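Just so you know, we're using my numbering here: the sequence shown kicks off at 80 and counts up by one.
Beneath this line is the structure, given in structure tokens, with notes to follow.
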Amino acid sequence: MATMITSDCINCGACEPECPNNAITQDEEIYVIDPVLCTECVGFHDYEACAAVCPVDCCVTDPNNVENEEVLIGRARSIHADVQFGDNFESRFRKDAGNEAVKSAPEPVAQQTEKQSTASTAPAAAPVRKEPAATPAAPRVAPPAPADENVRQAAPAAAPKPAPVVKKFPGQLEMGFDDVAQRVGKGRGLEGVFKLAVVLLQPVLGALPDQAKRHLETAVDNPLLFTRAGATALNILMNFFLYPIILMSLAIGLYGIAVLFRQEVNGYILLGVVLAFVEAVYRLRDGIFKARQPSEMVFRAAFYGIFLSGLADLVSRRHGGVLRTPPVPVDGFYENGFVEKLERERRYGNVYTLQDWGESYYLRVEFPRKVPEIGPPINEKLPKEMPDYDYDLALKNGTFIIRGKCTDETIRRISSSLGAFPPEFTTIIHLQEKVKAFSHRYQNKLLEVLLLKDKSALRENLPV
Numbered sequence: 080m081a082t083m084i085t086s087d088c089i090n091c092g093a094c095e096p097e098c099p100n101n102a103i104t105q106d107e108e109i110y111v112i113d114p115v116l117c118t119e120c121v122g123f124h125d126y127e128a129c130a131a132v133c134p135v136d137c138c139v140t141d142p143n144n145v146e147n148e149e150v151l152i153g154r155a156r157s158i159h160a161d162v163q164f165g166d167n168f169e170s171r172f173r174k175d176a177g178n179e180a181v182k183s184a185p186e187p188v189a190q191q192t193e194k195q196s197t198a199s200t201a202p203a204a205a206p207v208r209k210e211p212a213a214t215p216a217a218p219r220v221a222p223p224a225p226a227d228e229n230v231r232q233a234a235p236a237a238a239p240k241p242a243p244v245v246k247k248f249p250g251q252l253e254m255g256f257d258d259v260a261q262r263v264g265k266g267r268g269l270e271g272v273f274k275l276a277v278v279l280l281q282p283v284l285g286a287l288p289d290q291a292k293r294h295l296e297t298a299v300d301n302p303l304l305f306t307r308a309g310a311t312a313l314n315i316l317m318n319f320f321l322y323p324i325i326l327m328s329l330a331i332g333l334y335g336i337a338v339l340f341r342q343e344v345n346g347y348i349l350l351g352v353v354l355a356f357v358e359a360v361y362r363l364r365d366g367i368f369k370a371r372q373p374s375e376m377v378f379r380a381a382f383y384g385i386f387l388s389g390l391a392d393l394v395s396r397r398h399g400g401v402l403r404t405p406p407v408p409v410d411g412f413y414e415n416g417f418v419e420k421l422e423r424e425r426r427y428g429n430v431y432t433l434q435d436w437g438e439s440y441y442l443r444v445e446f447p448r449k450v451p452e453i454g455p456p457i458n459e460k461l462p463k464e465m466p467d468y469d470y471d472l473a474l475k476n477g478t479f480i481i482r483g484k485c486t487d488e489t490i491r492r493i494s495s496s497l498g499a500f501p502p503e504f505t506t507i508i509h510l511q512e513k514v515k516a517f518s519h520r521y522q523n524k525l526l527e528v529l530l531l532k533d534k535s536a537l538r539e540n541l542p543v
């Protein structure tokens with residue numbers, strides 16, 4: 080290989096999903112490149128993808144192992160035997176040479192021939208003969224335009240799309256999803272008094288671990304009232320007053336109330352402010368040191384937040400019904416990398432939310448939306464948007480099973496041969512209470528399911 084990762088690697092993981100050959104893996108402390116698989120992205124890009132996304136520029140050329148373009152494209156063809164790279168494949172070796180070639184390229188033969196033909200026929204125009212006067216000719220009607228891909232023609236109005244077919248599964252209710260949702264209380268959320276308490280106690284709840292704040296954020300379901308970032312910021316601000324007060328109280332316990340009127344108390348106040356600052360930097364280090372967006376950050380707990388997490392979890396589960404929120408792939412340091420990792424979780428069926436609405440469960444599953452970037456020779460054959468998945472739903476022994484399947488044969492063939500992503504996934508969700516019937520809705524790559532519990536009185540009145 081001609082590319083290596085130095086010891087300056089910060090283990091951010093940005094390079095791993097960019098490699099078209101899956102040559103980059105995580106070692107104990109840094110990421111490493113497999114020399115058997117590395118092709119310097121020849122055949123896929125005119126640059127090295129790992130070096131392009133590396134935030135610390137640690138993907139560099141190995142001076143002890145320099146390889147030429149012929150060796151690298153040969154290796155790429157060996158790894159991707161089903162891909163036709165052709166003669167004009169992407170390569171950083173050709174990038175500069177290609178630009179010069181474009182500047183100095185001779186005029187195409189077809190254009191030269193056309194110019195010579197025009198020049199030779201122009202002076203040799205046929206003499207004009209005088210004809211007797213005739214009646215004015217009718218206006219010339221232009222012939223129909225040739226069928227060409229580059230010429231836009233007025234197309235007849237498209238026929239209306241047929242209504243989507245609603246799939247039926249064993250145990251599914253006959254009533255539509257919206258009607259069932261109205262009966263079981265769509266959008267449960269936190270009850271009024273608990274929602275008000277959560278909003279007012281944001282400075283304290285901001286000390287909770289990130290996952291507990293995510294549960295509360297989902298339960299409140301209103302970004303104007305509660306967010307992880309806002310609650311954490313309020314808590315950090317509160318700690319700049321709380322920690323000095325705690326240390327001053329400690330000083331009073333040691334030296335008596337008179338210490339408040341002596342110079343020594345200033346040292347306790349300063350120590351409290353320093354502790355609050357150091358803790359704030361630690362909790363916000365994803366944004367400070369890794370330049371992540373707030374949606375990508377993990378807002379860590381204050382040192383005393385762990386003692387409050389049990390209470391917050393109880394409130395969110397009992398009154399907010401939040402049982403599970405999607406995992407957040409935070410190992411990307413930039414927005415595109417974050418989105419790609421979230422999309423990868425969708426392809427494995429891991430991006431779903433489960434809420435307890437009392438007499439039913441509400442399940443929300445996000446299906447894949449974007450086709451991953453594999454490389455120009457392959458991506459030219461694929462659409463940008465992931466086609467709709469086929470799916471199957473089943474209730475078995477207290478679990479709800481979702482099977483998603485990509486039906487596009489081109490995507491299935493390429494994903495299977497390259498290992499780019501699984502063309503199918505199975506998600507098994509274990510439910511705490513027995514469920515006997517369900518209703519679902521699938522649209523815009525979002526699956527929503529209402530699972531009626533066995534104890535639900537509404538289930539007896541709904542046809543299955």
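Cβ coordinates follow ideal geometry from the N, Cα and C atoms, glycine included.
Owing to the predicted nature of the structure, the values given are computational and were not obtained by experimental measurement.
query, result
"Give a yes or no on whether the C-beta atoms belonging to Tyr322 and Gly285 are separated by under 8 Å.", "no"
"Rounded to whole angstroms, what's the CA-CA distance from Glu414 to Phe319? Just pull it up for me.", "Only weak support exists for where Glu414 lies, its pLDDT of 47 falling under 50; the value from the coordinates is given anyway. Going from the Cα of Glu414 to the Cα of Phe319 covers about 31 Å."
"Is Phe256 near the ligand ADP, going by C-beta to nearest heavy atom under 7 Å?", "In the structure on display, the ligand ADP does not appear, and there are no ligands present to speak of."
"Can you give me the Cβ contacts of Ser196 inside the same chain, cut-off strictly under 8 Å, excluding the 5 residues immediately before and after it?", "In this prediction, Ser196 has a pLDDT of 44, which is less than 50 and means its spatial position is unreliable; nothing more can be read from the coordinates."
"For a quick check, are the C-beta atoms of Thr62 and Thr297 less than 8 Å apart?", "Beyond the ends of the chain as shown, which are 80 and 543, falls residue 62; an answer cannot be given."
"Considering only residues of the same chain and omitting the five flanking positions on each side of Lys247, which have a CB-CB separation below 8 Å?", "none"
"In the DSSP output, which residue or residues are listed as bridge partners for Leu530?", "Tyr440 and Phe517"
"Spell out the partners DSSP gives Tyr468 in its beta bridges.", "Cys485"
"Under the assumption that Ile89 contacts Ala102 (Cβ atoms under 8 Å), give the Cβ distance between them as a whole number of angstroms.", "That pair is no contact at about 19 Å."
"State the Cα-Cα distance for the pair Glu424 and Ile453, rounded to the nearest angstrom.", "17 Å"
"Ignoring anything shorter than 3 residues or poking outside the stretch 81-118, list the beta strand (DSSP E) runs there in chain order.", "82-84, 103-105 and 110-112"
"By the DSSP assignment, the beta strand (DSSP E) with Leu59 in it spans what residues?", "For the chain, the structure presents residues 80 to 543; residue 59 sits outside this window and is missing."
"Glu95: buried (16+ other C-beta within 10 angstroms of its C-beta) or exposed?", "buried"
"Measuring straight from C-alpha to C-alpha, what distance separates Asp141 and Pro501?", "33 Å"
"Assign His124 to buried or exposed, taking buried as 16 or more other Cβ atoms, counted over all protein chains shown, within 10 Å of its Cβ.", "buried"
"Return the bridge partner residues of Thr505 from the DSSP annotation.", "Arg482"
"Would you kindly report the start and end of the unbroken beta strand (DSSP E) that includes Asp435?", "Tyr431 to Asp435"
"Look at the alpha carbon of Glu375 and the alpha carbon of Leu354, and state the distance between them as a whole number of angstroms.", "26 Å"
"Can you give the beta carbon distance from Lys484 to Glu503, rounded, assuming they're within the 8 Å contact cut?", "5 Å"
"Where do the ends of the alpha helix (DSSP H) carrying Cys129 lie?", "Ala128 to Val132"
"Go ahead and pull the three-state DSSP assignment for Val401.", "strand"
"Can you have a look at Ala130 and say buried or exposed, based on whether 16 or more other CB atoms are within 10 angstroms of its CB?", "buried"
"Give the secondary structure of Gln511 by DSSP, where H, G and I count as helix, E and B as strand, and everything else as coil.", "coil"
"Measuring alpha carbon to alpha carbon, tell me which residue in Glu146, Asn147 and Val121 is nearest Phe168.", "Val121"
"Given that a residue counts as buried once 16 or more other Cβ atoms are within 10 Å of its Cβ, and exposed if not, what is Ser170?", "buried"
"Take the Cβ of Tyr334 as the centre, count every other Cβ of all protein chains shown within 10 Å, and call the residue buried at 16 or more, exposed below.", "exposed"
"Which partner residues does Leu525 have in the DSSP bridge list?", "Glu445 and Gln522"
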